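Chemist:
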């Protein structure tokens, strides 16, 4: 993966597979350069047994093969910067993944195209789950919520090409001032 | 979040078209993109966004874009299936945003698959 936004796209597929009704993504950059990426869902959750081995590349819920690289690759990229990745999960309640990275480390991946990631997630999953995005840095913050968009669209599906274009454009306008120049 | 008013305007514009489309669901062309870890790492996201962009520009109402998981040929990702109504599925491999324009123009619009980008050509 070339940047964090691709990792985020990949990790959020886990929440979708877990049948989440809502998935929230927070990307928070502090003064000291520490970046937190928090993905929280209300999906099926994981048993303690699965949770204990989920950061191993040899853990997967798939039956077609024996490797699953999404979480271990992100964990590795966090640790390279001196950060870490942790997961809390309760079966039937949901899962919370917290990744921390030190953006001052030379090994820290750039954030990448976060608007593209969110647009892709919404377009590929127009009916459910709901996606909630929160970005914050010392320069400002923004919120995005598909429930508001769904309400405004009143019945028009979220995967219409014009709506995807609008979403990408408006997310870009709002996210760039927050992270622009620092880690984008 | 801003410009929800803009969204209302898009809604008005698309509403008629959506009602028209409902009547001929069987005529839909499907574009399916592999979006597992392997697909994403190989560049599936820009490919997907390029398809949405091209479909929007050309106003192709009958095309739906969706995702699938890993089908076990990670070395050929990004992979894209194009399914025209009543025709056999065509699988494109090693896709890039640059290739998307040709696939849309030649295959989706004109019905002629771009042979050189297909899995058949790659596996020779």
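Residue numbers (this note's numbering), protein chains in the order written: chain L, 159 to 342; chain C, 7 to 130. Cβ coordinates follow ideal geometry from the N, Cα and C atoms, glycine included. Keep in mind that this is a model prediction, so the values were computed, not measured.
#1: Let me confirm a value: residue 39 (chain C) is counted as buried when at least 16 other C-beta atoms fall within 10 Å, else exposed. Which label applies?
#2: What does a CB cutoff of less than 6 Å around residue 342 (chain L) pick up in its chain, not counting 5 residues either side in sequence?
#3: Report all residues from its chain with a CB closer than 6 Å to the CB of residue 340 (chain L); omit the five preceding and five following residues, and keep chain order.
#4: Alpha carbon to alpha carbon, how far is residue 24 (chain C) from residue 207 (chain L)? Give it in angstroms, no decimals.
#5: Using a Cβ-Cβ cut-off of 6 Å (strictly less than) and excluding sequence neighbours within five positions of residue 87 (chain C), which residues of its own chain qualify?
#6: Within this structure, are the beta carbons of residue 279 (chain L) and residue 302 (chain L) separated by less than 8 Å?
#7: At what residues does the alpha helix (DSSP H) containing residue 101 (chain L) begin and finish?
#8: Report all residues from its chain with a CB closer than 8 Å to the CB of residue 276 (chain L); omit the five preceding and five following residues, and keep chain order.
#9: If contact is defined by three or more beta carbon pairs under 8 Å, each pair taking one atom from either stretch, is the stretch 312-325 of chain L in contact with the stretch 208-219 of chain L?
#10: What would DSSP say about residue 59 (chain C), mapped onto helix, strand or coil?
#11: Measuring alpha carbon to alpha carbon, tell me which residue in C:34, C:56, C:22 and C:42 is nearest residue 323 (chain L).
#12: Report the residue ranges of all alpha helix (DSSP H) runs contained in full by the stretch 28-105 of chain C; include only those spanning at least 4 residues, in chain order.
#13: Whole alpha helix (DSSP H) runs in the stretch 229-274 of chain L with 4 or more residues, listed along the chain?
Modeler: On the basis of the coordinates in this document:
#1: Result: buried.
#2: In this predicted model, residue 342 (chain L) has a pLDDT of only 48, less than 50, meaning its place in the structure is not dependable; the value taken from the coordinates is given anyway. Result list for residue 342 (chain L): 269, in chain order.
#3: Unreliable positioning characterises residue 340 (chain L) in this predicted model, as indicated by a pLDDT of 49, which lies under 50. The coordinate reading is nonetheless provided below. Within the same chain, residue 340 (chain L) has no close Cβ partners at all.
#4: When rounded, the separation of the alpha-carbon atoms in residue 207 (chain L) and residue 24 (chain C) is 47 Å.
#5: Taking residue 87 (chain C) as the centre and dropping the five residues before and after it, the same chain places the C-beta of 38, 95 and 97 closer than 6 Å to its C-beta, in chain order.
#6: No, they are not a contact pair.
#7: It is not possible to answer for residue 101 (chain L), since the shown part of chain L is limited to 159 through 342.
#8: Counting only residues of its own chain and dropping the five nearest sequence neighbours on each side, residue 276 (chain L) has a CB closer than 8 Å to the CB of 183, 289, 291, 302, 325 and 329.
#9: Taking 8 Å as the limit for Cβ pairs, the verdict is that the stretch 312-325 of chain L does not touch the stretch 208-219 of chain L.
#10: Note: residue 59 (chain C) maps to helix in three-state DSSP.
#11: Relative to the Cα of residue 323 (chain L), the nearest Cα in the group C:34, C:56, C:22 and C:42 belongs to C:56.
#12: The stretch 28-105 of chain C contains these whole alpha helix (DSSP H) runs: 43-48 and 50-64.
#13: Taking 4 residues as the minimum length, the stretch 229-274 of chain L contains no alpha helix (DSSP H) run wholly inside it.
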